[in-house]
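What follows is a single structure, written as structure tokens, with notes after it.
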Amino acid sequence: MTDSPQRQRVLLLGCGKMGRAMLEGWLKGGILAAEDLLVIEPSADVRAQLAGQGIIAVASARDAAAARGKDWRADLAVIAVKPQIIAEALPPLPPLMADGGCVLSIAAGIRADTLAGYFGSGIHVVRAMPNTPAAIGRGMIVLFAGPSVPPSLRSQCEALMRVSGRVAWIGDENLMDAVTAVSGSGPAYVFLMIEALTEAAVDAGLPEDLAALLARTTVCGAGELAWRSDEDAATLRRNVTSPGGTTAAALEVLMAPDGLAALMKRAVAAAAARSRELAGGN
Ligand SMILES: NC(=O)c1ccc[n+]([C@@H]2O[C@H](COP(=O)([O-])OP(=O)(O)OC[C@H]3O[C@@H](n4cnc5c(N)ncnc54)[C@H](OP(=O)(O)O)[C@@H]3O)[C@@H](O)[C@H]2O)c1
Numbered sequence: 005m006t007d008s009p010q011r012q013r014v015l016l017l018g019c020g021k022m023g024r025a026m027l028e029g030w031l032k033g034g035i036l037a038a039e040d041l042l043v044i045e046p047s048a049d050v051r052a053q054l055a056g057q058g059i060i061a062v063a064s065a066r067d068a069a070a071a072r073g074k075d076w077r078a079d080l081a082v083i084a085v086k087p088q089i090i091a092e093a094l095p096p097l098p099p100l101m102a103d104g105g106c107v108l109s110i111a112a113g114i115r116a117d118t119l120a121g122y123f124g125s126g127i128h129v130v131r132a133m134p135n136t137p138a139a140i141g142r143g144m145i146v147l148f149a150g151p152s153v154p155p156s157l158r159s160q161c162e163a164l165m166r167v168s169g170r171v172a173w174i175g176d177e178n179l180m181d182a183v184t185a186v187s188g189s190g191p192a193y194v195f196l197m198i199e200a201l202t203e204a205a206v207d208a209g210l211p212e213d214l215a216a217l218l219a220r221t222t223v224c225g226a227g228e229l230a231w232r233s234d235e236d237a238a239t240l241r242r243n244v245t246s247p248g249g250t251t252a253a254a255l256e257v258l259m260a261p262d263g264l265a266a267l268m269k270r271a272v273a274a275a276a277a278r279s280r281e282l283a284g285g286n
């Protein structure tokens, strides 16, 4: 990485939606230069686009030596393939890793000790859970590293993730299931909110186009206000609620005992349970 005394060589495995978004962020943010990177990605189209940016990309680990020289080793490998690809994609990587290097995986549900098992001792493992707003630099990225991962590697992983949004660390890997259920899956809950508000707007008599515009703009505008404000969400909510007014009438429904809070708790619990099941291979 460009801010460290010695350049870091980074291998990116998988240049799909998340991998591509991170890579663009690293280049734009000056965190990495094209020549620091090696990308492994089966799509010829994607490899051609990367070549146009001066990035060396190969179809598989087998081609790495021919592309970068037989002595090239990655200080850091970012794993951005689907979890179901991990068992086939990771075994060829260890010969490409420098001793003491680090594997940073965003693959949902694949535990650190499982990842470490592919690389053996001497390679550190860090897990990250991003979400889709990471594609526009507004993601929430939660990181986990075991106690043996040195602070310098934690900082490097954090710097790579920070280009995609806000970063937080957890010290207990088991919390990743709850993280997945809240920030990982959370964007879908917000998109559903737009859909539901659109449907309610149509029910209330608005034409469909206007209903969709109102719902989307309101959710996005309120989200941006919450983002920029120093006030907490409850204060922002109270700021739009006059006693006996229209908002109060709606909130009486949404805040009823079987309202949104109860529903959200059930939804998050269901997502966390599914995350635990998937991590167990079910
Ligand atoms: N999207 C999210 O919201 C989100 C959130 C949190 C975590 N994640 C995690 O991020 C990871 C990537 O997700 P994504 O949405 O970016 O998936 P994606 O768009 O499908 O990207 C995966 C990329 O990996 C490539 N690939 C497949 N097999 C490979 C191999 N053997 N070696 C190297 N590359 C290979 C795929 O190429 P082809 O398309 O040609 O097969 C594709 O370009 C997943 O593990 C997911 O759990 C995603």
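Residues in the sequence shown are numbered from 5 upward in steps of one, following our numbering.
The beta-carbon is built from N, C-alpha and C at its ideal position, and this holds for glycine as well.
Everything numeric in this text was worked out from a predicted model, so none of it was measured.
- With respect to the C-alpha of G143, the residue from G34, A266, P247 and V171 having the closest C-alpha is V171.
- R13: not part of any beta strand (DSSP E); DSSP gives it neither H nor E.
- Counting only residues of its own chain and dropping the five nearest sequence neighbours on each side, V244 has a CB closer than 7 angstroms to the CB of T251.
- Cβ-Cβ separation between V85 and A93: approximately 5 angstroms, consistent with a contact (criterion under 8 angstroms).
- Not a single heavy atom of ligand 1 lies less than 7 angstroms from the C-beta of K32.
- As for any beta strand (DSSP E) of minimum length 3 sitting wholly inside the region 149-176, the runs are 169-174, ordered along the chain.
- Under DSSP, I44 forms a beta bridge with L17 and V62.
- At a threshold of 7 angstroms, L17 counts as near ligand 1, since its beta carbon sits closer than that to one of the ligand's heavy atoms.
- Not one heavy atom of ligand 1 falls within 7 angstroms of the beta-carbon of P151.
- Within the chosen limit of 7 angstroms, ligand 1 reaches the beta carbon of A112 through at least one heavy atom.
- For V257, the number of other beta carbons within 10 angstroms of its own is below 16, and it is reported as exposed.
- Taking P46 as reference, the option from A68, L31, G33 and K269 with the minimal CA-CA separation is A68.
- Taking all protein chains shown into account, I59 has 16 or more neighbouring C-beta atoms within 10 Å of its C-beta and is therefore buried.
- Put simply, the backbone Cα of T202 is about 47 angstroms away from that of R13.
- Separation of I114 and N178 (C-alpha to C-alpha, rounded to the nearest whole angstrom) is 12 angstroms.
- Judged by their CB atoms, G124 and P98 are nearer to each other than the 8 angstroms cut-off.
- Per the C-alpha coordinates, the member of S152, D176, G175 and I145 positioned closest to E162 is I145.
- Distances from the CB of S246 to the heavy atoms of ligand 1 are all 7 angstroms or more.
- The nearest non-hydrogen atom of ligand 1 is 7 angstroms or more from the C-beta of M268.
- Judged by DSSP in its simplified three-state form, G105 adopts strand.
- The nearest non-hydrogen atom of ligand 1 is 7 angstroms or more from the C-beta of G190.
- Classified as buried, R72 has 16 or more neighbouring CB atoms from the shown chains inside 10 Å of its CB.
- The shortest CA-to-CA distance from D213 to any of I89, K74 and I198 is the one to I198.
- Look at D79 here: in three-state DSSP terms it is strand.
- Residue pairing by DSSP places G34 in no beta bridge whatsoever.
- Look at A116 here: in three-state DSSP terms it is helix.
- Annotation: A252 is outside any beta strand (DSSP E); the continuous alpha helix (DSSP H) that includes it extends over T250 to L258.
- Between D79 and G104, the alpha-carbon positions lie close to 8 angstroms from each other.
- The closest CA to that of L41, considering only M165, A48 and Q57, is found on Q57.
- Contact annotation: D181 and A276 have beta-carbon atoms nearer than 8 angstroms.
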